[in-house]
Amino acid sequence: MIMEVPKHSDCCEGNSKARAFFDAAVNGDLETLKTLLDPTIDLDARHGNFPNDKTALHAATEHGHIETMRFLLAHGADPEVDIPLDGLTPLHVAAWMANYEAVRLLLDSGADISRTFNIEGDEGPATFLVLRNAHLPRSNIEQKHFDIVNLLLDRGIDINTPKSHYGDGNLIQYAVRADSPDMVKMLIDRGAETNNELLRDAVSWNRSVRTLQYLLDEVGLEDEGHEALQHLAFFSKEEPCEDMARILLSRETDLNVQGIYTALCDAALQANLRIIECFLEQGININGVGASGETALLMACSSTRPGALSAVKLLLDRGADMRCRAIDSQPSVGKIAGDSVLHQIGAFRFPELMRLLLDAGADIEARNVWGETPLITFSRHLEFVSSPEPGPVTPRMEVLQLLLDSGCDVNASDRKGMTALHHLPHRRSHMATVRAAASLMIERGIDRTALDHDGREASELFRELCGMTLEDLLQDKTEAWTREITQGVDAGRSPAQPGLHTETPRQHPPTHIGMAEETPV
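Counted from 1, the sequence shown has number 253 at position 256 by this note's numbering; the numbering is strictly sequential.
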């Protein structure tokens, strides 16, 4: 932790003597402190900008001025006053700065070893702070870290104290994340409890190859449920992720099981080309079905990550089956059992991917269990448009144009008798997109008078759900805009919105793997 010299608050600005005293503590100017100290000086006054303000003892500790700390403590400075924002006491600061002498001095001066901090939800005793910075960005464990941890443990901190009131995580997790087998061994020798979740920590943070190997070979942990492998596939794209994948896979007697297929699917969803290549080199079935009921190709097609197009190309080149279908439904994310690769194209935002799959022979009339063709699913997926799209030529409209150009049945209906036009008024959040889609469908001959199984035309649904008829909707657009939509796409112009290689919306990890306590580095 590197703390800046604080900017003084208004009250401090109005008290030049108090400010000078605090600055002397920051600078370790013991002579000035001795000169300024008198009964008007509040040794425990906080200085700076609330809630980051701190005491002179905090400042001296942070900058490693041991003699200044001795002076302040000898004259009554309270080691329990904390920084309001995160509850850091001087002992926490000393531990975070990995200053053994400062930690020992504060403990000898009566600092409460059991006091906990809370930094952005990460909380615990001082021992955690010793290793908190050591794992960022790479292992930096030195002898001083061992000495401080041992000192704090000798003084009574429970080695297995959880890091939060939820009971998740403890000191050994920090050692694993710091990629220090020696620290892990020391903690185990001192009674630290271990579990298989440590493997997940090893693969998620610093790509801790040494510690991963140690946990598997010496501690005897096992990747039960393949959670570590799945975590690796989802989060780790940099070296040495392939090495860790090979280490974990080398422990498996059967590579063709659902847990490993799930990891391959995770890699495909994240467009993690390194892991996909590594898994396929090991002989894992490219068409294996993961826990979500999908193959890697389906997951790659649904991805909105940069590199998704490359992931799909890689899987197709390696023999992924284009006829694959989703087994399970996940309506909350727009996925339905029986979905084909065309049903799952990244919320229909990526024309490059649609073009690739159509050229590869994807079935334009494939139906899922709701009876939807890809065209109908396109209309339903407009529900997931999170914001108005820039016009007039948008990626979704280009995808729609490609579908229509492919010769798909524009009048196909689902099991409720609803055509793609029937579905559009349900997506009324962004009427400009709905209007553009309706215009293109009508130009391609979709039947406006088709009835669903409840006997309703699309126009009736527009009136009921949008407060306007279909005719009103179509009149509320300019001819120039219509020409831009159709001519722009026909001319092969680039979409106005960033495409598959640049768009990076947030994706959440699949529900079959637990989230790391923090976002891995």
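We put the CB at the ideal spot given by N, CA and C, even for glycine.
Exercise. Report buried or exposed for Phe47, applying the criterion of at least 16 other Cβ atoms within 10 angstroms of its Cβ.
Key: exposed
Quiz item: Are Asp305 and Ala293 touching if we call contact CB-CB under 7 Å?
Solution: Rather than Asp, the amino acid found at residue 305 in this sequence is Ala. Not closer than 7 Å, so no.
Quiz item: So His423 and Leu470 are in contact, right, with Cβ under 8 Å, and what is the actual spacing, rounded?
Solution: His423 to Leu470, Cβ: 14 Å. No contact.
Quiz prompt | Close-in-space but distant-in-sequence residues of the same chain around Gly316 (CB under 7 Å, 5 per side omitted) | solution = Ile283
Quiz prompt | Integer Cβ distance of Ser438 from Ala417, believed to fall under 8 Å | solution = Looking at the sequence itself, residue 438 is Met, so the reference to Ser does not match. Right, the Cβ-Cβ distance comes to about 6 Å (below 8 Å), so this counts as a contact.
Quiz item: Rounded to a whole number of angstroms, what is the C-alpha to C-alpha distance between Ser403 and Phe347?
Solution: 16 Å
Quiz item: What is the rounded straight-line gap between the Cα of Asp406 and the Cα of Ala264?
Solution: 34 Å
Quiz item: Among all the DSSP beta bridges, which residues are the ones paired with Asn157?
Solution: According to DSSP, Asn157 bridges with nothing at all.
Exercise. Might you give, ordered along the chain, the residues of its own chain that have their beta carbon closer than 6 Å to the beta carbon of Ile519, omitting 5 neighbours on each side?
Key: Nothing can be reported for residue 519, as the shown portion of the chain is limited to -2 through 518.
Exercise. Give the straight-line distance between the Cα atoms of Asp214 and Ala288, rounded to the nearest whole angstrom.
Key: 28 Å
Self-check item: Helix, strand or coil at Asp119 according to DSSP, with G and I counted as helix
Solution: strand
Practice problem: Kindly give me the distance between the Cβ atoms of His223 and Ile273, rounded to whole angstroms, as I take these residues to be in contact under 8 Å. | Solution: In fact, because the Cβ distance is near 16 Å, the residues do not count as touching under 8 Å.
Quiz item: DSSP on Val44, reduced to helix/strand/coil?
Solution: The sequence given here places His at residue 44; Val does not occur at that position. Residue state, collapsed to three classes: strand.
Quiz item: Taking the alpha carbon of Arg197 as the point to measure from, which residue in Gly153, Ala92, Leu212 has its own alpha carbon closest?
Solution: Leu212
Quiz prompt | Secondary structure, alpha helix (DSSP H): runs of 4+ residues fully inside the stretch 252 to 277 | solution = 255 to 266
Exercise. Would you list the residues sitting across from Phe114 in a DSSP beta bridge?
Key: Gly121
Self-check item: Own chain partners of Leu419 with C-beta closer than 7 Å, once the 5 adjacent residues on each side are dropped
Solution: The sequence shown places His at residue 419, rather than the Leu named in the question. Around His419: Asp449, Ala455, Leu458.
Practice problem: Using DSSP bridges, identify the partner residues of Ile80. | Solution: Leu85
Quiz item: Measuring CA to CA, which of Ala53, Arg432, Gly45 is closest to Leu34?
Solution: Ala53
Quiz item: How is Gln341 classed by DSSP in three states: helix, strand or coil?
Solution: coil
Quiz item: Can you round the beta-carbon distance between Ala99 and Val127 to whole angstroms, since I take them to be within the 8 Å contact cut?
Solution: That pair is no contact at about 12 Å.
Self-check item: Entirely enclosed alpha helix (DSSP H) segments - the stretch 189 to 247, minimum 4 residues
Solution: 194 to 201, 206 to 211, 224 to 232, 238 to 247
Self-check item: Ser326 versus Phe231: straight-line alpha-carbon distance, rounded
Solution: 21 Å
Quiz item: In angstroms, rounded to a whole number, what distance separates the CA positions of Phe276 and Arg322?
Solution: 21 Å
Practice problem: Using 10 angstroms around the beta-carbon of Ala56, count the other beta-carbons present and answer buried if the total reaches 16, otherwise exposed. | Solution: buried
Exercise. Pick helix, strand or coil for Lys182, following the three-state DSSP scheme.
Key: helix
Self-check item: Nearest neighbour of Thr32, chosen from Ala15, Asp41, His44, Ala42 [CA to CA]
Solution: Ala15
Quiz item: Applying the criterion that 16 or more other CB atoms from any shown protein chain within 10 Å of the CB defines a buried residue, is Gly280 buried or exposed?
Solution: exposed
Practice problem: Report the three-state DSSP secondary structure of Gln170 (helix, strand or coil). | Solution: helix
Practice problem: Would you list the one or two residues that DSSP bridges to Lys332? | Solution: Gln327
Self-check item: Distance between beta carbons of Pro76 and Thr65, contact taken as under 8 Å
Solution: Rounded, the Cβ-Cβ distance is 14 Å, inconsistent with contact.
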